[in-house]
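Residue 264 in UniProt numbering sits at position 264 of the sequence shown; the count goes up by one each step and never skips. Glycine included, C-beta positions come from ideal geometry on N, C-alpha and C. A quick write-up on the structure given underneath.
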Amino acid sequence: MLGYWMQAVFDGHNDVLLRLWQNEKKGGDAVAEFTNGTEKGHIDLPRARAGGLAGGLCAIYVPSGDLVLPQPDADGSYVTPLSAPLERAPSLDIALEMAAIALRLERAGSWRLCRSMADIDNAMADDEFAAVLHMEGCEAIGADLAALEVFHAAGLRSLGPVWSRHNIFGHGVPFAFPMSPDTGPGLTDAGRELVRECNRLGILIDLSHITEQGFWDVAKLSDQPLVASHSNPHALVPVARNLTDRQLDAIRDSKGLVGLNFAVTMLRADGRENADTPLSDMVRHIDYLVDKLGIDGVAIGSDFDGALIPREIGTAGGLQNLVAALQGAGYGGAELAKLCRENWFRVLRSAWHEDGED
């Protein structure tokens, strides 16, 4: 393999809290599983250290029990019906249980919950995993937004108003190929209030699962850079979750970013769920995004523990294989640093009101 210095990676999206919560419901020990390592899933502390994963946005995600991904038709197309909306009370219970796992991991010294860039810098300097709480779909939050204040106090610094289902804040896109992301309405009135409150509190707004209309609704309202933490170019793979060139132009103009999603269905030209997806497909998406957004607008949003990823990556322990592939494609050290972490840090500073600008 080509020689390179290991690049520390800050990942824009993972579902490790979901995996830990699910295993704990089966009698597991979430703290021990993360701290000591496991063969399950993609992220734990030993594999993070082996792969240079210094931290990332860790999602609180309330799962849908009715989601079943269909087999593609003979021509490779598929449409997954949107999951049913979730009730608020049980969603809040699950979200609190995941937040409690995050807090227990911090108390155990397994990771550091970061509420500012200074926290992230300090955690990385101390070789601690820098975890930032994210909420993927806001079913746990009521229209009065009182719970948002509480989650913010607990460390929530990023959220996606919707997952790929509808809620009181807006509408999500289905998992479908080929399909446009323009699949329905966007933000509701409650969703507009959520955006305004996130702007006030300094909570990053993530656009990865929202309809195209919802994307434009947020773009009109928000004073933040536009961010899709784990999405890819629709021009390369026309799944509904990917971003059109027009959306990419808006993200560029806002000085936002897109985090490369490692999900093979969003990387492969045929949209298939096949782990034998080459690293060259990942590089192809990075190249396209860099061409559209510039080197400052592209980052990593792996979807670890939430998707089938290329076998050549495997787990967090294989992250440097992607770094080596990018180096082999001509990206130098300064460019790799931006792709791997610095672009995320720039956007977080802006969304969290830490960039010194009015």
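The C-beta distance from residue 253 to residue 228 rounds to 14 Å, too long to meet the 8 Å contact threshold. Bounds of the alpha helix (DSSP H) holding residue 105 are 88-107. Shown here, residue 141 sits in coil according to DSSP, grouped into three states, outside any helix or strand. Residue 11: member of the beta strand (DSSP E) spanning 9-14, first to last residue.
Counting the other Cβ atoms within 10 Å of the Cβ of residue 280 gives fewer than 16, which makes it exposed. Taking 9 Å as the cut-off, the Cβ atoms of residue 186 and residue 171 count as close. Judged by pairs of C-beta atoms under 8 Å, the stretch 290-297 touches the stretch 244-261, as three or more such pairs exist. The straight-line gap separating the alpha-carbon atoms of residue 297 and residue 14 is approximately 19 Å. Around the CB of residue 268, 16 or more other CB atoms lie within 10 Å, so the residue is classed as buried. Listed in chain order, the non-local C-beta contacts of residue 23 below 8 Å within the same chain comprise 30, 33 and 40, local neighbours out to five positions each way being set aside. Residue nearest to residue 248 within the set 262, 231 and 239 is 231 (criterion: CA-CA distance). Between residue 336 and residue 7, the CB-CB gap stays under 9 Å.
In this structure, 113 is the residue among 163, 313, 113 and 49 with its C-alpha nearest to the C-alpha of residue 152.
For the set 143, 175, 183 and 194, the Cα lying nearest the Cα of residue 159 is the one of 194.
Beta-bridge partners of residue 258 (DSSP): 228 and 298. Each residue's CA atom was taken as its position, placing residue 116 and residue 285 some 30 Å apart. Listed in chain order, the alpha helix (DSSP H) elements of length 4 or more contained wholly in the stretch 284-335 are 319-328. With a cut-off of 8 Å on Cβ pairs, the stretch 262-278 is in contact with the stretch 308-319, counting three or more such pairs. Going by C-alpha positions, residue 355 is about 44 Å away from residue 27. About 6 Å separates the beta carbons of residue 77 and residue 177, which is inside the 8 Å limit, making them a contact pair. Contact check for residue 140 against residue 111 fails: the beta carbons are separated by 9 Å or more. In the structure shown, residue 23 falls within a helical segment according to DSSP collapsed to helix, strand and coil. Rounded to the nearest angstrom, the gap between the Cα atoms of residue 127 and residue 243 is 35 Å.
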